[in-house]
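**Student:** Before I ask anything, let me first share the structure, which is written out below as structure tokens.
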Amino acid sequence: MGTYSTREVLNATAVGVHHPALRLHELDLKDSLSGEDLPMTSGLENGHQEPFVITTNLLPSSGKSTICKMIIDQLCDQCIVVVTQESFYYGLPNKESLCVHDYNFDHLDAFDMDLLLSCMETLKHGKVVDIPSYDFKTHRSVSCARKVILY
1 MGTYSTREVL NATAVGVHHP ALRLHELDLK DSLSGEDLPM TSGLENGHQE
51 PFVITTNLLP SSGKSTICKM IIDQLCDQCI VVVTQESFYY GLPNKESLCV
101 HDYNFDHLDA FDMDLLLSCM ETLKHGKVVD IPSYDFKTHR SVSCARKVIL
151 Y
């Protein structure tokens with residue numbers, strides 16, 4: 001197996017190419033602009049390490065969860081947190097709950113993107129965040145948020 005950039009792996013997965021095994025040590029992690037190697041973490045002024053964040057923005061049912069599982073399997077002793085965009089769905093208003101099958105859950109307007117970006121920024125700085133929980137049966141956010149911190 002040759003060396004693949006992260007972009008190549010994600011693009012190939014998005015177009016349906018099957019990768020039987022993802023080996024992180026074979027990934028060529030490069031800055032897309034400079035071409036320089038990317039570190040797994042970057043030092044902050046206070047001596048703490050900034051977490052390494054991987055995001056996926058693939059189409060629905062395109063293998064994002066599979067890619068996450070493969071990465072987690074390769075980083076078996078690392079502290080890994082998966083935050084899914086699905087946690088940030090807006091709750092459906094009552095009138096739309098009646099027509100749930102017609103609602104476009106894949107449209108960006110279905111998500112609280114401000115909250116998602118705020119949570120990611122807070123996590124990046126090593127602070128605790130409450131990741132919302134979404135109930136797919138009632139189509140509403142539920143009160144039992146999940147506390148997450150990266151350090």
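Here this note's numbering is used: position 79 in the sequence shown is 79, and no number is missing along the way. All C-beta atoms in this analysis are idealised placements derived from N, C-alpha and C, irrespective of residue type, glycine included. Given the structure is predicted, the values throughout are model-derived calculations rather than measurements.
#1: Since Cys144 is in the beta strand (DSSP E), which residue starts that stretch and which ends it?
#2: Report the rounded CA-to-CA distance for Ser143 versus Tyr90, giving the unit in angstroms.
#3: At what residues does the alpha helix (DSSP H) containing Ile131 begin and finish?
#4: Specify, as a first and last residue, the run of the alpha helix (DSSP H) that Asp114 falls within.
#5: Starting from Thr56, trace the alpha helix (DSSP H) both ways and give me its first and last residue.
#6: Using the Cα positions of Val148 and Asp130, report the straight-line distance between them to the nearest angstrom.
#7: Using a 10 Å radius around the Cβ and a threshold of 16 neighbouring Cβ atoms, would you call Lys64 buried or exposed?
#8: For the alpha helix (DSSP H) containing Thr66, list its first residue and its last residue.
#9: Could you give the distance in angstroms between the alpha-carbon of Leu75 and the alpha-carbon of Phe52?
#10: Quick check: the Cα distance between Val82 and Gly35, rounded to an integer number of angstroms?
#11: Below 8 angstroms on the Cβ atoms is my contact criterion, and I expect Arg140 with Leu92 to pass it. Report the Cβ-Cβ distance as a whole number of Å.
#12: Under 6 angstroms Cβ to Cβ from Tyr60, same chain only, skipping five residues before and after it: list those, please.
#13: Roughly how many whole angstroms lie between the Cα atoms of Ile54 and Ala145?
#14: Take the Cβ of Leu117 as the centre, count every other Cβ of all protein chains shown within 10 Å, and call the residue buried at 16 or more, exposed below.
**Tutor:** Checking against the coordinates, here is how it stands:
#1: To locate residue 144, count along the sequence shown from 1; it is residue 144. Unbroken beta strand (DSSP E) run through Cys144: 140-148.
#2: On the sequence shown, position 143 is the one that residue 143 refers to. On the sequence shown, position 90 is the one that residue 90 refers to. Cα to Cα, the separation comes out at about 13 angstroms.
#3: As a working mapping, residue 131 is identified with position 131 in the sequence shown. No alpha helix (DSSP H) contains Ile131, which is instead part of the beta strand (DSSP E) from 129-135.
#4: Position 114 of the sequence shown holds residue 114. Going by DSSP, Asp114 is part of the alpha helix (DSSP H) stretching over 113-124.
#5: The residue given as residue 56 occupies position 56 in the sequence shown. It is not in any alpha helix (DSSP H) - Thr56 carries neither H nor E in the DSSP assignment.
#6: As a position in the sequence shown, residue 148 is number 148, starting the count at 1. As a position in the sequence shown, residue 130 is number 130, starting the count at 1. Straight-line Cα distance between these residues: approximately 6 angstroms.
#7: Along the sequence shown, one-based indexing puts residue 64 at 64. Under this definition Lys64 is a buried residue.
#8: Within the sequence shown, the letter at position 66 stands for residue 66. Element bounds for Thr66: 64-74.
#9: Locating residue 75 in the sequence shown gives position 75, counting from the first residue. Locating residue 52 in the sequence shown gives position 52, counting from the first residue. Taking the straight line joining both Cα atoms gives about 12 angstroms.
#10: Position 82 of the sequence shown holds residue 82. Position 35 of the sequence shown holds residue 35. Approximately 27 angstroms between the Cα atoms of the pair.
#11: One-based indexing of the sequence shown puts residue 140 at position 140. One-based indexing of the sequence shown puts residue 92 at position 92. Right, their Cβ atoms sit about 7 angstroms apart.
#12: Here the question's residue 60 lines up with position 60 in the sequence shown. Tyr is not the amino acid found at residue 60; the sequence shown has Pro there. Contacts found: Asp106.
#13: Taking the first residue of the sequence shown as position 1, residue 54 is located at position 54. Taking the first residue of the sequence shown as position 1, residue 145 is located at position 145. Rounded to the nearest angstrom, the two C-alpha atoms are 22 angstroms apart.
#14: Position 117 of the sequence shown, counted from the start, is the residue given in the question as residue 117. It is exposed - the Cβ of Leu117 has fewer than 16 other Cβ atoms within 10 Å.
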